[in-house]
Structures are given as structure tokens and as C-alpha cells.
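Okay, structure first, notes after.
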Ligand SMILES: [Fe+2]
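So, in C-alpha cells, the structure goes:
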């Protein structure tokens with residue numbers, strides 16, 4: 393059984409997929425069941441990471457919603473690959489991809505009072521805003 397917006401990763405090839413519509417089956421890649429990625433937040437860094445992964449949601453006076461990550465490497469070997477905003481009712485989502493040396497910043501027009509944001513680091517996985 394899958395649920396909308398769950399993320400799964402293939403342990404063999406590294407494919408990452410998102411569930412758009414829930415179903416009874418389990419995603420398979422490279423002949424094996426994919427691993428569901430649990431979202432963490434920066435307060436759960438038991439290994440003492442100094443970089444920050446959880447997206448920060450900021451609201452400006454015009455009602456725009458901006459999402460950013462300020463203290464994370466953006467190097468070839470370690471970087472934030474995407475940030476996604478999702479409305480709390482799970483009826484709207486926006487995703488932006490990032491590449492090494494870029495700033496991790498995006499805006500969204502999803503209703504500002506009711507969004508969550510998550511990031512995906514190529515090394516450390518999925519993080520939710522706090
Ligand atoms: Fe990281």
C-alpha cells in the first residue's frame with residue numbers, strides 16, 4: 393500500500409520516485425522492492441551534522457511564500473537536489489530542482505498559511521521543514 397506524496401528510493405540504482413496516486417502494490421526497481429524514505433528534520437540529526445537540511449519557510453509582506461536552505465553544501469558530491477512544497481490538504485505541490493553551486497531558494501503561490509516543505513539531499517535523504 394502506498395500513499396500520495398510518499399518518496400521511494402532504489403537501493404541499487406538510486407532511482408527516486410514519488411507516489412502521485414495511492415495503490416495497493418509496492419514500487420519495485422532493479423528487481424527489488426524500493427525503500428520508502430522517511431522524512432527527518434534537523435532536530436533529529438543524531439550523527440551531529442553541522443549543515444542544515446530542513447527548508448525554511450518565509451512569508452513576505454505581499455503574501456508571497458519563499459522557501460530556502462541556507463547552511464548546506466552545494467558541491468558536486470553533496471548537495472540539495474530538490475525542494476518541494478505541498479499544501480496541507482495535499483491537493484497542490486510544487487517542486488524545484490537544484491544543482492551544485494546554486495542557491496537553494498524558491499517561491500510558491502500555494503496558500504501560504506498551510507504548506508509544508510521538504511528537501512532531498514543526495515547524501516542524507518529527505519528532510520521536512522520544522
Ligand atoms: Fe546533506
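Numbering (the working numbering), first residue to last: 393 to 522. C-beta: ideal position from N, C-alpha, C; glycine also. Nothing here was measured: the structure is a model prediction, and the numbers come from that model.
In DSSP terms, what residue 497 is bridged to: 460
Identified DSSP bridge partners for residue 491: BP columns for residue 491 are empty, so no partner.
Cβ-heavy atom distance, residue 449 to ligand 1, below 7 Å: no
Short CB-CB distance (under 8 Å) between residue 401 and chain D: Of the chains in the structure shown, none is chain D; there is only one protein chain.
Neighbouring residues (CB closer than 6 Å to any heavy atom of ligand 1): 443, 445, 464, 470, 513, 515, 516
Closer than 7 Å: residue 468 CB and nearest ligand 3 heavy atom: Absence of ligand 3 is noted for the structure shown, with ligand 1 being the only ligands found.
Cβ-based burial, residue 414 [other Cβ within 10 Å; buried from 16]: Exposed, because fewer than 16 other Cβ atoms sit within 10 Å of the Cβ of residue 414.
Separation of residue 465 from residue 491, as counted between CA atoms: 11 Å
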